[in-house]
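Only one structure is covered here, and it is reproduced in the block below.
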Amino acid sequence: MISSTSPHHATTSVEDTQRDEREHVQSPKNILTRHLSDITDVVLDPEKLANDLHSARLITFHIKDRVLTTSSYSRYDKVSKLVNDVWRLLGGDSDREILITFCDVLKRQNNETLTGITRDILRELDQDQQWR
Numbered sequence: 039m040i041s042s043t044s045p046h047h048a049t050t051s052v053e054d055t056q057r058d059e060r061e062h063v064q065s066p067k068n069i070l071t072r073h074l075s076d077i078t079d080v081v082l083d084p085e086k087l088a089n090d091l092h093s094a095r096l097i098t099f100h101i102k103d104r105v106l107t108t109s110s111y112s113r114y115d116k117v118s119k120l121v122n123d124v125w126r127l128l129g130g131d132s133d134r135e136i137l138i139t140f141c142d143v144l145k146r147q148n149n150e151t152l153t154g155i156t157r158d159i160l161r162e163l164d165q166d167q168q169w170r
């Protein structure tokens, strides 16, 4: 049995502390996942979002057209599908660049709440980068 005075229990090494802190750092995909519902709730113009995402090459024309021309989709459904299409892009080497581009698109939506969300995402992304 290890006593409470054991060196393993009495102190935590710097390496253990750094490893624990790195485990809390999130990938770009996880960062976006935490903000998906907030983004979907506050985007008011799915057509502008779709056009801006297409211009930024984050979605194809086919996706943009499919989402915007399906009349049974509500505003919320359209935004959700567009944002989820961007989310699906994440999982590779260019995740950071994709997420930064997505934040730039969100900033162009002229919405203070979205600007705050993008600020939070970029702050989290910068924290993630510090550990890499």
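Under the working numbering, the residue at position 15 of the sequence shown is numbered 53, and the numbers go up by one with no gaps.
In this text, a Cβ means the ideal position worked out from N, Cα and C, and glycines have one as well.
Three-state secondary structure (DSSP) of residue i
i	result
residue 57	Model confidence at residue 57 stands at a pLDDT of 47, short of 50, so the residue's coordinates are unreliable and nothing is read from them.
residue 81	coil
residue 142	helix
residue 111	coil
residue 129	coil
residue 74	helix
Opening and closing residue of the alpha helix (DSSP H) in which residue i lies
i	result
residue 101	99-107
residue 91	84-93
residue 149	Per DSSP, residue 149 belongs to no alpha helix (DSSP H) and is neither H nor E.
CA-to-CA distance, residue j to residue i, given in whole angstroms
i	j	result
residue 127	residue 133	8 Å
residue 106	residue 116	7 Å
residue 135	residue 70	13 Å
residue 103	residue 149	24 Å
residue 165	residue 67	14 Å
residue 93	residue 147	13 Å
residue 157	residue 89	22 Å
residue 64	residue 87	26 Å
residue 99	residue 162	30 Å
residue 78	residue 84	10 Å
residue 129	residue 109	31 Å
Cβ-Cβ distance between residue i and residue j below 9 Å
i	j	result
residue 160	residue 138	yes
residue 120	residue 97	yes
residue 140	residue 82	no
residue 18	residue 101	No answer is possible for residue 18: it lies beyond the span of the chain, which begins at 39 and ends at 170.
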